[in-house]
Amino acid sequence: MTISIRSVEKQFARYPALRGVSLEVQPGELLALLGPSGSGKTTLLRIIAGLEFPEAGQVAFDDQDVTFASAAARKVGFVFQQYALFRHMTVAKNIAFGLDVRKAKDRPARAEINRRVEELLGLVELGGLGGRYPAQLSGGQRQRVALARALAVSPQVLLLDEPFGALDATVRKSLRKELRRIHNATGVTTIFVTHDQEEALDLADRVAILNQGSIEQVGTPQEVYDQPASAFVCSFVGETNRFDGAVSGGRFVCGSVSLAVDCADGPKTAFVRPHDLVVAPDGFEAQIVRVTAQGPVIQIEAHTASDQPIEISLSRQEAGSIAVGQTLRLAARKIHLFDPVD
Amino acid sequence: MSPRSSTQDPWWVKALVLSLVAVFLSLILVLPLVSVFAEALRQGLGPALEAMSTPDAIASIKLTLLTAAVAVPFNIVFGVAAAWAVAKHEFWGKSLLISLIDVPFSVSPVVAGLIYVLIFGSHGWFGSWLIDHNIKIIFAVPGIMLATLFVTFPFVARELIPLMQEQGVDEEEAAASMGAGGWTTLWRVTTPNIRWGLLYGVLLCNARAMGEFGAVSVVSGHIRGLTNTMPLHVEILYNEYDFVGAFSVAALLCLLSILTLILKGLLEMLQPQVRRAGH
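Taken in sequence, the protein lines are chains V and H.
The first sequence runs 430 to 771 under the numbering used here.
The second sequence runs 1028 to 1306 under the numbering used here.
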């Protein structure tokens, strides 16, 4: 199902949470809403779910206007950050809830519901735990139950609000793979909210980056990483070194840092990713203050001659026998230039 | 010195605190309770039972039970509705409603009784209209009901509001997103989560409904066999120097309260899986 969000605006008290957001989500897509806290990403998700209603704009499912349709009428599956499992019901009852509450004429037979619950327990790899209560499960297991429960009603859209936010790093990684597998198995259009850029880039087909109630960029993980549309996207997605300076005569200069660019003169903010810095005999100078080897990559912290801290990632071959105190000469393979930002 | 954990206090601190608690509890709780039963049985079981089975005593017992039977269901309905509205929704005038719920706690019960006399008494606002239509509220059973409802008003709501606020609206939103309507959500999600708080509120409300003296005393008129509840009956017997009678009815009132506590314990035992799940 296609989800169209058109110029949606929402305010809380006098504080604008969303300022004219438009977004198109393709059928079967796995889309991430990425942004810092307070960027409006959860509000947008809740508006799609029908748990909040916008002051202006439109939400359409397959060209059918659902802007003010109730959550119950929208047939969306919603997974909450804190799971929101019904604590007085067993896991099986939780999963069956969406089917149990249907009107008698639409409700599947008991045996059919039980079969569906078993199938979903299998899908989230919790077979045999149907009789437990939520309090008897670990955080990761609870989130799997929440996922199974949301899928039980065969929703047209699956919405997840910071689904892995409350979990520790290992569980988070394995559940991420799990979600991808479940998405592939069910093919349901999925939108998830996260503030973790690594999670968004790793999991999503496309990423929508929000900042202060507006969408800054929508694109594939590679697009937002390689061709960031704004300074915010560039600094929020991935590691960067930031230089505030000016371009004149084909060179960007910021203190002792000087880089060749192809850009008109004027004040600019430049971003260079740590792995886009290369050793070059005619480059700017940087003195190494710390070296850490992380697998195949050597992470280097250094200071420029004008005392700005920078980070560099070099491959082991490139780095050679590097040591703290040495001075490197560096050039940039790739520079992202934007108009000055504060 | 033997090693001890950071939360382990010296023995004499423990002994001091525990004995303070023991002395306090015995003086304030146990001693009066024991003396009520001791005074009631001073002349043996026979006279005590006799005092409980006089027609006036039986009438007061019936009236007390009837009052509780009216006040408790009213409080359940009102309390759940008010707590649900306050804890799960945002609306204009919410803080005013919360303050109103607290009024019976802050107003003296005697004043509450007087307010009803002022409104419904023969010289009150609606007095002449009520006399014309032959409706008796003050110095009659309806007045006792009204006064009891007033003083027991906040018990269930006050018990539930913090509980429901703490539980938040996540589960309700989850239910809504799965297609459950408002009533279904209230019955199948909200109410089961509050049943222990509700039970506790009901017990408090029941105890107060049976034991209320001040407000009921003002509106009752003390007509024996008609408008005397058990606490009022105890007072009348005591003022007439019928100590065995007074303490016997008082003991019965205590027994009713103890019975509710036992009932609560039994209900909790019947629901073991809920406690195991941590709630």
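We treat Cβ as the ideally placed atom computed from N, Cα and C, and that holds for glycine.
Along chain H, in chain order, which residues have C-beta atoms closer than 8 Å to that of residue i?
i: A571(V); result: Checking the sequence, you will find Arg at residue 571(V) rather than Ala. Within 8 Å Cβ-Cβ: nothing; R571(V) doesn't reach chain H, min ~12 Å.
i: R531(V); result: G1206
i: A500(V); result: E1200, A1203, S1204
For residue i, which residues in chain H fall below 9 Å Cβ to Cβ?
i: V505(V); result: S1204
i: F490(V); result: By Cβ distance, chain H contributes nothing, its closest Cβ being about 14 Å from F490(V), past 9 Å.
Comparing C-alpha positions only, which one of the options sits nearest to residue i?
i: S468(V); options: P650(V), A446(V), R435(V); result: A446(V)
i: G648(V); options: L462(V), S436(V), I432(V), A442(V); result: L462(V)
i: F1274(H); options: M1257(H), K1115(H), S1122(H), P1136(H); result: M1257(H)
i: Q723(V); options: V707(V), E714(V), S742(V), S735(V); result: S742(V)
i: V450(V); options: P465(V), L459(V), A442(V), I434(V); result: I434(V)
i: A595(V); options: S583(V), T618(V), V454(V), Q570(V); result: Q570(V)
i: M1237(H); options: T1179(H), V1271(H), I1162(H), F1153(H); result: T1179(H)
i: G457(V); options: N613(V), Y512(V), V720(V); result: N613(V)
i: V1168(H); options: G1154(H), S1204(H), V1243(H), G1151(H); result: V1243(H)
i: N523(V); options: L514(V), E547(V), V530(V); result: L514(V)
i: A501(V); options: L1293(H), E1199(H), I1263(H); result: E1199(H)
i: V1130(H); options: E1295(H), P1181(H), E1186(H); result: P1181(H)
i: V1144(H); options: L1157(H), I1125(H), S1133(H); result: L1157(H)
i: S603(V); options: G749(V), G712(V), K763(V), V553(V); result: V553(V)
i: A709(V); options: R702(V), Q646(V), L688(V); result: L688(V)
i: M1205(H); options: I476(V), D768(V), G506(V); result: G506(V)
i: I477(V); options: Q493(V), D694(V), G527(V); result: Q493(V)
i: I416(V); options: T721(V), V690(V), G667(V); result: Lying before the first or after the last residue shown, residue 416(V) is absent from chain V, which here runs from 430 to 771.
If the cut is a Cβ gap below 8 Å, which residues of chain V does residue i touch?
i: T1217(H); result: Correct list: empty, because the minimum Cβ distance to chain V is about 10 Å.
i: N1255(H); result: Here the premise fails: no neighbours, minimum Cβ distance about 43 Å.
In whole angstroms, what separates the C-alpha of residue i from that of residue j?
i: Q487(V); j: S643(V); result: 15 Å
i: E1048(H); j: R1069(H); result: Checking the sequence, you will find Val at residue 1048(H) rather than Glu. If I take the Cα positions, the gap works out to 29 Å.
i: F1101(H); j: L1141(H); result: 22 Å
i: S1046(H); j: S1284(H); result: 27 Å
i: G1252(H); j: V1099(H); result: 23 Å
i: V495(V); j: V508(V); result: 20 Å
i: V753(V); j: A731(V); result: 9 Å
i: T756(V); j: A715(V); result: 6 Å
i: F1240(H); j: V1137(H); result: 9 Å
i: A1114(H); j: Q1194(H); result: 9 Å
i: G684(V); j: A761(V); result: 16 Å
i: T1091(H); j: V1246(H); result: 14 Å
i: R758(V); j: T599(V); result: 38 Å
i: Q746(V); j: H704(V); result: 13 Å
i: G1292(H); j: S1053(H); result: 23 Å
i: K470(V); j: M430(V); result: 21 Å
i: I1171(H); j: N1255(H); result: 9 Å
Please list, in chain order, the chain V residues whose beta carbon lies closer than 7 Å to that of residue i.
i: E1198(H); result: A513, F515
i: T1034(H); result: What T1034(H) touches in chain V: nothing, since even the nearest Cβ is about 25 Å away.
i: T1175(H); result: Neighbours of T1175(H) on chain V: none; closest Cβ ~32 Å, over 7 Å.
i: Q1094(H); result: Here the sequence assigns Thr to residue 1094(H), which means Gln is not the residue at that position. Within 7 Å Cβ-Cβ: nothing; T1094(H) doesn't reach chain V, min ~33 Å.
i: T1211(H); result: V530
So what does DSSP say about residue i, is it helix, strand or coil?
i: I739(V); result: strand
i: N670(V); result: strand
i: A658(V); result: coil
i: R448(V); result: strand
i: H1306(H); result: No answer about H1306(H) holds up, because its pLDDT of 40 lies below 50 and its placement is not dependable.
i: N1220(H); result: helix
i: A1184(H); result: helix
i: C663(V); result: helix
i: I772(V); result: Residue coverage of chain V in this structure runs from 430 to 771, which leaves residue 772(V) outside it and unanswerable.
i: C1232(H); result: helix
i: A500(V); result: helix
i: D494(V); result: strand
i: K606(V); result: helix
i: H372(V); result: Past the boundaries of the shown model lies residue 372(V); chain V is included only from 430 to 771, so the question cannot be answered.
i: H1150(H); result: coil
i: L589(V); result: strand
i: N1255(H); result: coil
i: R536(V); result: coil
i: Y512(V); result: strand
Identify the contact partners of residue i in chain H, using a Cβ-Cβ distance below 7 Å as the criterion.
i: V450(V); result: Those within 7 Å of V450(V) in chain H number zero; the least Cβ separation is about 21 Å.
Can a CB atom of chain B be found closer than 8 Å to the CB of residue i?
i: F509(V); result: Annotation note: the requested chain B is absent from the structure, which comprises protein chains V and H.
At 9 Å on the CB atoms, spell out the chain V contacts of residue i, in chain order.
i: N1220(H); result: F515, R516, H517
Would you check whether the ligand COA has a heavy atom nearer than 7 Å to the C-beta of residue i?
i: S1247(H); result: By its list of ligands, the structure shown contains no ligand whatsoever, and the ligand COA lies outside what it can speak to.
Inset, instruction - Check distances from the C-beta atoms of the stretch 511-529 of chain V to those of chain H and list, in chain order, the residues that come in under 7 Å. - result: Q511, A513, F515, R516, H517, F526, G527
Inset, instruction - With 7 Å as the limit, tell me which residues of the stretch 1045-1060 of chain H have their beta carbon closer than that to any beta carbon of chain V; keep them in chain order. - result: none
Inset, instruction - Check each residue of the stretch 452-483 of chain V: if its Cβ is closer than 7 Å to any Cβ of chain H, include it; give the result in chain order. - result: A478, L480
Legend entry - Residues in the stretch 571-597 of chain V having any Cβ partner in chain H nearer than 9 Å: A575, R578, A579, A581, V582, P584, L588
Legend entry - Under 9 Å (Cβ pairs) to chain V, residues found in the stretch 1284-1298 of chain H: none
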